[in-house]
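Worksheet: the structure to be examined is printed underneath.
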Amino acid sequence: MTDLTPGLDVRWNHVVQELHEAEQKAGRSAGGVTLLAVGKTFSAEALFECAKLGARAFGENYAQEGCSKVDWFREHHPELALEWHFIGPLQANKTRGVAERFDWVQSIDRERIARRLSEQRPANLPPLNILIEVNIDGEESKSGVKPDALEALAAEIEKLPRVRLRGLMAIPAPADTHEARMKPLLAMRELFNEFKKSHPHADTLSMGMSADMDEAVEAGSTMVRIGRAIFGERNYAQKA
Ligand SMILES: *Cc1c(COP(=O)(O)O)cnc(C)c1O
1 MTDLTPGLDV RWNHVVQELH EAEQKAGRSA GGVTLLAVGK TFSAEALFEC
51 AKLGARAFGE NYAQEGCSKV DWFREHHPEL ALEWHFIGPL QANKTRGVAE
101 RFDWVQSIDR ERIARRLSEQ RPANLPPLNI LIEVNIDGEE SKSGVKPDAL
151 EALAAEIEKL PRVRLRGLMA IPAPADTHEA RMKPLLAMRE LFNEFKKSHP
201 HADTLSMGMS ADMDEAVEAG STMVRIGRAI FGERNYAQKA
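Rendered as structure tokens:
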């Protein structure tokens with residue numbers, strides 16, 4: 001188990017409360033923003049503690065680690081109807097396990113990966129929900145499509161039979177001031193509003209992490225992805 005101070009229950013309740021207040025402050029409906037608990041590097045047991053507190057949607061970054069956790073829950077807690085989101089970079093040789101286990105993939109920035117996921121999605125499961133990751137602040141090293149390449153990629157993904165394009169995701173660079181944090185988030189809102197004109201079924205704008213959750217909600221996020229504020233600092237040397 002994780003040895004956290006304050007404990008997981010205190011941290012989880014704090015995040016839930018803060019999200020609720022951010023929704024109110026932004027004039028959003030209560031519960032309108034989905035809370036994704038990001039559990040990378042933490043054990044399935046730690047995620048189970050979080051599920052007992054009420055978490056229902058989990059985000060994972062690494063294919064092997066994420067698939068093991070989905071399998072662990074299937075084996076030990078099939079009664080929990082959890083929703084699994086893959087949010088990390090995904091290589092072509094790792095798509096099958098993800099297509100077979102996850103409900104969402106949020107980190108799509110290439111047609112090839114989306115096509116493999118569509119081909120590998122088992123027939124007995126509903127289509128895999130997809131978000132396109134957008135590189136909103138134009139950092140060269142980062143993943144995500146540039147805004148001007150978004151529409152072309154979206155058009156290709158819409159043709160795939162076993163995935164469903166639900167919207168956009170972004171990971172803005174960390175920033176020190178409120179204003180600097182708001183800038184890419186507001187740019188994403190504008191891009192999403194434009195995107196919805198050509199993709200009216202799109203209903204998800206995934207942005208906001210531990211350091212910018214409030215601002216993301218203010219800017220119109222429909223799904224925040226929270227790791228450290230819930231589980232504590234990550235220790236990559238002890239990756240689960
Ligand atoms: C790790 C991660 C998060 C969570 O970040 P925290 O700062 O721990 O809240 C959210 N989204 C993505 C894509 C991540 O990789």
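Residue numbers for the sequence shown follow the working numbering, beginning at 1 and rising by one. C-beta: ideal position from N, C-alpha, C; glycine also. Owing to the predicted nature of the structure, the values given are computational and were not obtained by experimental measurement.
I need the DSSP call for residue i, collapsed to helix, strand or coil.
{"i": "glutamate 190", "result": "helix"}
{"i": "isoleucine 157", "result": "helix"}
{"i": "isoleucine 113", "result": "helix"}
{"i": "alanine 240", "result": "Here alanine 240 scores only 48 on pLDDT, less than 50, and its place in the model is too uncertain to base an answer on."}
{"i": "glutamine 106", "result": "strand"}
{"i": "asparagine 242", "result": "Residue 242 falls outside the range modelled here, since the chain spans only 1 to 240, and no answer is possible."}
{"i": "asparagine 13", "result": "helix"}
{"i": "leucine 47", "result": "helix"}
{"i": "arginine 181", "result": "helix"}
{"i": "glutamate 139", "result": "coil"}
{"i": "leucine 82", "result": "coil"}
{"i": "alanine 55", "result": "coil"}
{"i": "arginine 101", "result": "helix"}
Is it right to say residue i is buried, meaning 16 or more other beta carbons lie within 10 angstroms of its own, or is it exposed?
{"i": "histidine 178", "result": "exposed"}
{"i": "glycine 54", "result": "exposed"}
{"i": "glutamate 80", "result": "Inspection of the sequence shows that residue 80 is occupied by leucine rather than by glutamate. The residue is exposed, with fewer than 16 neighbouring Cβ atoms inside 10 Å."}
{"i": "aspartate 148", "result": "exposed"}
{"i": "histidine 199", "result": "buried"}
{"i": "alanine 155", "result": "exposed"}
{"i": "glycine 27", "result": "exposed"}
{"i": "leucine 19", "result": "buried"}
{"i": "threonine 95", "result": "buried"}
{"i": "arginine 189", "result": "buried"}
{"i": "arginine 228", "result": "exposed"}
{"i": "alanine 237", "result": "exposed"}
{"i": "glutamate 49", "result": "buried"}
So residue i is in the beta strand (DSSP E); what residue range does that whole segment cover?
{"i": "isoleucine 206", "result": "The question names isoleucine, but residue 206 is serine in the sequence shown. Per DSSP, serine 206 belongs to the beta strand (DSSP E) from 204-206."}
{"i": "arginine 164", "result": "163-170"}
{"i": "leucine 128", "result": "128-134"}
Under 8 Å from any heavy atom of ligand 3, does the C-beta of residue i make it?
{"i": "alanine 63", "result": "Summarising the ligand content, the structure contains ligand 1 and does not contain ligand 3."}
Could you spell out the range, first to last residue, of the alpha helix (DSSP H) harbouring residue i?
{"i": "histidine 76", "result": "63-76"}
{"i": "isoleucine 230", "result": "228-231"}
{"i": "alanine 37", "result": "Unbroken run through alanine 37 is the beta strand (DSSP E), 34-38; no alpha helix (DSSP H)."}
{"i": "methionine 213", "result": "213-218"}
| field | Stretch pair the stretch 112-123 + the stretch 161-168: three plus CB contacts closer than 8 Å | value | yes
| task | Could you say if the stretch 95-114 and the stretch 128-145 meet the contact criterion of at least three C-beta pairs nearer than 8 Å? | result | yes
| field | Inter-stretch contact at 8 Å, needing at least 3 Cβ pairs: the stretch 27-34 / the stretch 217-227 | value | Yes: the two stretches touch, three or more of their Cβ pairs being nearer than 8 Å.
| field | Stretch pair the stretch 40-59 + the stretch 8-23: three plus CB contacts closer than 8 Å | value | Judged by Cβ distances under 8 Å, the stretch 40-59 makes contact with the stretch 8-23, as three or more pairs qualify.
| said: With three or more beta-carbon pairs closer than 8 Å as the criterion, would you say the stretch 64-75 touches the stretch 132-145? | reply: no
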